[in-house]
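**Q** Residue numbers (the numbering used here): 134 to 781.
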Ligand code: GUN
Ligand code: ZN
């Protein structure tokens, strides 16, 4: 059982329940080789707080002493750890060292017999170099074996690896087929050589292709991803667990891991680390220590678990993109991995939150390709309804919010004629009335953009022209000269704040929402302190509140009723069963288990109407999950209800 607690796009913090306790993800499962324990599980728990570990059932089974002990006393006693233990199946060993073939059910039965919490299917390992025909054939076998293993898993949780080699479409196919099976974890397999050879573009392509079709309520494990420099990217791809023997293997070779790469101890003059090992030893002392291997293994674990905390904090803050873009600087190939994300923008947009608490930070040209940017552009293209005008003006980027920067100039032009005002912003051309909406005002962007971004902005401007939103005759702002060029006609006495409400409502809820919500006597309540919109009242009813933080709306029941009339089901709806409806009417949140269906376009953070099967409005609230997630998860909050609709 897996529960979603927090998220930033595909990156998530979750709770996985096992027979030996709960695991908070994302986490790292250190690999324990029962034949060769460098740091004991008890020590790892005490020092870095490991929550779970992974060991190899094939190795245990192969060695008489280990096998007997495991069968007699159990796996947990054998390795000396009473928390969750995952076992691998020997796929990797038989693949690497060509050891004797094993029957897939034999190893499942053995994992059950020794009391593994999470056993793994004996999948077939595909190499990135493998030809398509071979990968297809092996994938077919893996799928058959997974079916067989799932039918016989008993009380053990089962990990069903996703293979497919370097072929994104086969990864997609594998994910589709494997999602039909009763697996509790989906590890992404066949990726160790990709990481060893730093083929990060191929790795990201493989993982995101699989993510596209994997059941979202099942945690994803990235096999062999043990280097801390990869953890943030793994989380951003939606990997909930990783495992690593690297901490021990690297220590054996005298190598130390850091979040920006690996260094040989022999080359280190200054230890760039303050872990308990590095703060009590100099590099020379480590070099001379008889315990060097163990000390380096401990350092590697400290660095890894610190990086995990950094990743988790970034997920809480909504800064996983910024962190990943920063970490991608560790190696040019890792940067190429980051560049693969833009190939999967459609997938990433589905889980991209509507807004975040913290500002969008530009770290590098790659920041331009985040899904929040493409969504903003697409929504303006699809949803923005431009007021009728005689001219258009395009202002250059300026201090945000834009209306505060250009208000004086705009009012001079409004005295003369009716115009539309656009800003040539970093994100895309922005109608001035959207200027306070996330992420436009809530962004910090380099003032000296790379030529590639400037070029891309030109292309997007052309796209806006082709779509008819921006006229080729648009006046590029040249100060007084531009004002003088506008012929004196009727003054434009439209109100910016009304335009703002209409435009934001259309972008946030869909084309036509603004017009419907504002149909009547409008009263805007402004903040006395900031003069910004707080509440929108129409015909004496409070329909919307504008949030100061992200400039987006929270929906009141009266507003929800209007949108319900405007948009046919399932748009903006989360449809719940009768048991839930009763609770939601009283203001209680919606649990995913009670969701019957929902609007497929819902994104996390959206305002939604909670309705029963008859489309009767029960409540309004803010989503945590997408439709796919609401339907897949059996527990956890799907929508935080803000206001219930108690019929008399
Ligand atoms: N360990 C590293 N890669 C793999 C894989 O693809 N399958 C299994 N079962 N274990 C692995
Ligand atoms: Zn250290």
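Every residue, glycine too, gets a C-beta built ideally from N, C-alpha and C.
1) Could you give the DSSP three-state label for residue 778: helix, strand or coil?
2) Note down the Cα distance separating residue 624 from residue 580, rounded to an integer number of angstroms.
3) CB of residue 360 to nearest heavy atom of the ligand ZN: below 8 Å?
4) Does the beta-carbon of residue 271, which I'm using as the reference point, lie nearer than 8 Å to any heavy atom of the ligand GUN?
5) Spell out the partners DSSP gives residue 755 in its beta bridges.
6) Can you give me the C-alpha to C-alpha distance between residue 159 and residue 276, rounded to a whole angstrom?
7) Between which residues of its own chain and residue 280 is the CB-CB distance below 8 Å, once the five residues before and five after are set aside?
8) Output the residues surrounding the ligand GUN, defined as those with a CB atom closer than 6 Å to any ligand heavy atom, in chain order.
9) Are residue 501 and residue 573 closer than 9 Å when you measure CB to CB?
10) Going along the chain, which residues of its own chain have a beta-carbon closer than 7 Å to the beta-carbon of residue 782, five neighbours each way excluded?
11) Name the one or two DSSP bridge partners that residue 555 has.
12) Report the rounded CA-to-CA distance for residue 241 versus residue 235, giving the unit in angstroms.
13) Report the residue ranges of all beta strand (DSSP E) runs contained in full by the segment 671–717; include only those spanning at least 3 residues, in chain order.
14) Nearest-angstrom Cα distance between residue 732 and residue 377?
15) Compute every distance between the C-beta of residue 332 and the non-hydrogen atoms of the ligand ZN, then say whether any falls below 8 Å.
16) Take the Cβ of residue 781 as the centre, count every other Cβ of all protein chains shown within 10 Å, and call the residue buried at 16 or more, exposed below.
17) Sorted by chain position, which residues of the same chain lie with C-beta nearer than 6 Å to residue 548's C-beta, five sequence neighbours on each side aside?
18) Could you give the first and the last residue of the continuous beta strand (DSSP E) run that contains residue 730?
19) Rounded to the nearest angstrom, what separates residue 535 and residue 270 at their Cα positions?
20) Report whether the distance from the Cβ of residue 380 to the nearest heavy atom of the ligand ZN is below 8 Å.
21) Leaving out five residues on either side along the sequence, give the residues of the same chain with a beta carbon under 8 Å from the beta carbon of residue 488.
22) Measure the CB-CB distance between residue 513 and residue 391 and report whether it falls below 9 Å.
23) Determine the direct distance from the alpha carbon of residue 341 to that of residue 350, and round the result to whole angstroms.
24) In this structure, what does DSSP give as the bridge partners for residue 410?
25) Closer than 8 Å: is that where the CB of residue 436 sits relative to any heavy atom of the ligand NAP?
26) Hey, is residue 177 close to the ligand ZN, as in C-beta under 8 Å from one of its heavy atoms?
27) Is residue 109 a contact residue of the ligand ZN, with contact defined as CB to any heavy atom under 8 Å?
28) Can you give the beta carbon distance from residue 311 to residue 287, rounded, assuming they're within the 8 Å contact cut?
29) State the Cα-Cα distance for the pair residue 203 and residue 246, rounded to the nearest angstrom.
30) From residue 699 to residue 644, what does the alpha carbon distance come to, in whole angstroms?
31) Let's test the definition: count the other Cβ atoms within 10 Å of the Cβ of residue 661 and tell me whether it reaches 16, buried, or not, exposed.
32) Decide if residue 297 is buried, meaning its Cβ has at least 16 other Cβ atoms within 10 Å, or exposed.
33) Could you check how far apart the C-beta atoms of residue 352 and residue 135 are, in whole angstroms? I think they sit under 8 Å.
34) Hey, would you say the C-beta of residue 407 is under 8 Å away from at least one heavy atom of the ligand ZN?
35) Hey, is the segment 140–158 in contact with the segment 483–498, meaning 3+ C-beta pairs nearer than 8 Å?
36) Excluding the 5 residues flanking residue 626 on each side, which residues of the same chain have their C-beta closer than 8 Å to its C-beta?
**A** A quick look at the data gives this:
1) coil
2) 35 Å
3) no
4) no
5) 740, 773
6) 26 Å
7) 314
8) 221, 222, 224, 225, 253, 256, 258, 294, 322, 323, 325, 356, 357
9) no
10) Given a span of 134 to 781 for the chain in the structure shown, any question on residue 782 remains unanswerable.
11) 527, 564
12) 11 Å
13) 674–679, 686–688, 706–709
14) 39 Å
15) no
16) Its pLDDT being 44, under 50, residue 781 is placed unreliably by the model, and the measurement read from it follows with that caveat. So residue 781 counts as exposed.
17) 624
18) 728–731
19) 58 Å
20) no
21) 571, 572, 575, 682, 683, 685, 738
22) no
23) 16 Å
24) Answer is none; residue 410 lacks a bridge partner.
25) In the structure shown, the ligand NAP is absent; the only ligands present are the ligand GUN and the ligand ZN.
26) no
27) Past the boundaries of the shown model lies residue 109; the chain is included only from 134 to 781, so the question cannot be answered.
28) That belief does not hold up - the Cβ atoms of residue 311 and residue 287 are roughly 19 Å apart, past 8 Å.
29) 9 Å
30) 10 Å
31) exposed
32) buried
33) 5 Å
34) yes
35) yes
36) 547
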